[in-house]
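In the UniProt record's numbering, the protein residues as written are 1 to 583. Note that the Cβ used here is the ideal one computed from N, Cα and C, for glycine as well. Structure, as C-alpha cells:
Here it is, written out as C-alpha cells:
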C-alpha cells in the first residue's frame, strides 16, 4: 500500500525484473499485493510467500489481524506457496525468556499444502535461555525437531544457519562417531547452565558427554578439600548475603587485590549452608545465564566429586590446584598432599577408571606432582603471550605433559577483531606438549567479531590452530561440534572452514581501523621457574574445628589484614546490588 500511496507500482517492477532476472521468492505482509500478482507468477518458478508480522498487528490490505488470518491457512493457499512467520509463532517464549510448548503451526501449514519459513533469527540478541546462547541449537529446534521441520529460515547470520542445516541436522547419533579431538574439558562443570562446581553442573556435564570433568580444588578451615569455582566465596556463592560471615572478610594481596571471604575462613559445614550462585561473566552487557536456576544445586567435597565421576563414561577428571604456595607457606596447609591422598583414597591410583589430570599455574606444584605421581600434568598460563623462548618450553616439558593457554595467545585480537594466528600451538606441539585453550563461552560478546557463533570459533581453533582441547563453560556446544557431519568431508563447505586472521580488519577503511596495539609479551623462564614447594604432611580433615595455623591466619599481623573499614562494606554492597539486579 505504501507504493500505491506514492504513485509507484511494485507489481510493474516485479514483472519487469522477472524478464531479466530469476526471482525465486517474493514475500509480502499484505494479502492484497500477493493476490494482485498471483496470476502473473502462477506459471513461473517464483514462490509467493505471505509474511506474518506480530500477531496483533493488522494487514492493511484486508483490515484483519495476522492472528485471524492464521486461522484460515486454506485461504492463503489460494494465492501463496508458503508463509513466513516470526519464530515465536512456532516456539512461543514466556515472559521469563524460556521456551513454552511448540504450536502446531508447522504441521498445520504443511497439511494445507503450504511451505513454512521462520524469521527473526540473530546471534547477537538474547533468545530463549533453553539454548544456552548457542544459535546452532536454536536452529536445530526448528529444522530438526522430532515431529516437524520448517522449510527454511530468514536470518541475519546465514553462516550459522548453514552450519546448523548442513552440518548438524538429521544426524543419526547411533551411527556417527564423534571425533577424538578436541578434548572437551569443562570449566567448573557445565557452568553455563548451572552454578559452577555444583552437583547439577557436574551431572549436566556428564549428560552432555564432556570428555574431562573438572574440579577447582579449594580448602576449608578444617582442611576439607572441596570443589568451588573460586577461593573467594563472594564469587560463586551467596556468602555476601549472610551477615555473620561478613566479619570474616579479608584482603590477601598474594591471592587477589580485592577483599574477599575465603574458603579457608569457613568450615565445610558452614560452606554447605551457603547457596550457590551462577556465574555471569558478561553481566556488564546484561547477559545472564539460566536465571531460573541461578541458585540451584549443592556443593561437593572432592571425595564426593571423585566418587561421582569414577564410574562415568568419561576420559578423565581434571583437578585444578591454585594458591598452593600461599596455603602451604602461610597457612600450613599442604594442599598438594591432601589432593594426592584424596585421589588415592578414592581408588584413582589404579589403571581402571577415568584418567587423572591436574592443572596449575604454579610450576612448583607440578614439579612436586611429577616427583610423586604419574598423573597427566597441565601447566596453565594465566597471561596472554605471543611466543615462548625455547628454554621456557623445555622447562615446561620437564614437569608437564600439556599446557593450557588463553585464547588470545593463539588468535590475538584488537578491539575484538582477530589480527593474526600465532605460532604458540605449533611451538608447544614441536615439544610434544598438548595444547588446550580457554575460556570458551557461548555469549556473543565472549568471542571475536570474526567468529559468527560459538561453533565457528571452536572450528577455527581446531581446524586452523590445531588445539588439542577446549576448556568451556558450555560442554554441550563443544561436544555437538565433534559429531557434525562436515568434519568427515574431504572438502568441507566454506562456512565450516577456519577464519582468515585479519580478514575483517583488511576489509576496513584506514580511518575505521582500531589503534595499533603493542605485541603481547613472551613467556620466559622468569615467568615459569619457581622455588620448590615446601613439604607438608597431608593431615586428614578434622571435622569442624579450624586448624590452629588457619585460625592464626585469620588475624595475622603481617600482610594479611582483616578489613573492617568502609571499602570492604562498599565491596559487599556492590556485590549484593548486583545480586538483586539479577532477581
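Excluding five sequence neighbours on each side, which residues of the same chain lie with their C-beta closer than 6 Å to the C-beta of residue i?
i	result
residue 417	449, 504, 505
residue 464	498
residue 178	482, 483
residue 279	191, 196
residue 294	278
residue 367	399
Check each candidate in the options and name the one with the smallest Cα separation from residue i.
i	options	result
residue 628	300, 210, 163	There is simply no residue 628 to check, as the chain begins at 1 and stops at 583 in what is shown.
residue 453	121, 533, 355, 371	121
residue 154	131, 180, 117	117
residue 93	67, 461, 181, 138	138
residue 492	156, 133, 163, 518	163
residue 314	189, 324, 419	189
residue 439	255, 109, 501, 186	186
residue 110	151, 490, 513	151
residue 375	365, 381, 383, 382	365
residue 340	377, 352, 222	377
residue 176	379, 441, 487	487
residue 402	419, 461, 112, 435	435
residue 157	123, 473, 372	123
residue 142	90, 191, 171, 66	90
residue 86	473, 389, 105	105
residue 146	172, 135, 167, 354	172
residue 338	51, 206, 222, 65	222
residue 200	422, 74, 65, 308	308
residue 70	40, 41, 29, 43	29
Given a threshold of 16 other Cβ atoms within 10 Å of its Cβ, counted over all protein chains shown, does residue i qualify as buried or as exposed?
i	result
residue 101	exposed
residue 276	buried
residue 557	No answer about residue 557 holds up, because its pLDDT of 32 lies below 50 and its placement is not dependable.
residue 587	What the structure shows of the chain is the stretch from 1 to 583, and residue 587 is not part of that stretch, so it cannot be assessed.
residue 284	exposed
residue 318	buried
residue 533	buried
residue 457	buried
residue 469	buried
residue 428	buried
residue 511	exposed
residue 392	buried
residue 513	exposed
residue 550	Low confidence applies here, because residue 550 scores a pLDDT of 40, under 50, leaving its location unreliable and the question unanswered by this model.
residue 404	buried
residue 523	buried
residue 382	exposed
residue 240	buried
residue 555	Model confidence at residue 555 stands at a pLDDT of 37, short of 50, so the residue's coordinates are unreliable; what they give is reported in the following sentence. Looking at its Cβ environment, which holds fewer than 16 other Cβ atoms inside 10 Å, residue 555 is exposed.
residue 346	buried
residue 60	exposed
residue 13	exposed
For residue i versus residue j, is the C-beta spacing smaller than 8 Å?
i	j	result
residue 209	residue 467	no
residue 264	residue 220	yes
residue 335	residue 224	no
residue 343	residue 306	yes
residue 204	residue 193	yes
residue 68	residue 198	no
residue 114	residue 226	no
residue 584	residue 255	The structure shown does not extend to residue 584, since the chain is modelled only from 1 to 583, so the question has no answer here.
residue 386	residue 520	yes
residue 501	residue 420	yes
residue 462	residue 182	yes
residue 496	residue 459	yes
residue 485	residue 167	yes
residue 112	residue 79	no
residue 184	residue 475	yes
What whole-angstrom Cβ distance do residue i and residue j have, given they're in contact under 8 Å?
i	j	result
residue 259	residue 249	5 Å
residue 140	residue 169	6 Å
residue 34	residue 48	5 Å
residue 446	residue 282	6 Å
residue 84	residue 27	6 Å
residue 287	residue 126	7 Å
residue 407	residue 437	5 Å
residue 32	residue 58	Contact flag wrong, Cβ pair sits at about 13 Å.
Spatial neighbours of residue i within its chain, please: CB distance less than 8 Å, with the 5 preceding and 5 following residues excluded, ordered by chain position.
i	result
residue 161	121, 139, 153, 155
residue 81	47, 48, 49, 114, 115
residue 36	11
Output needed for residue i: all residues of its chain with C-beta closer than 7 Å, excluding positions within five of it in sequence on either side, in chain order.
i	result
residue 97	126, 128, 129
residue 455	136, 163, 477, 481
residue 516	none
residue 359	318, 320, 378, 380, 404
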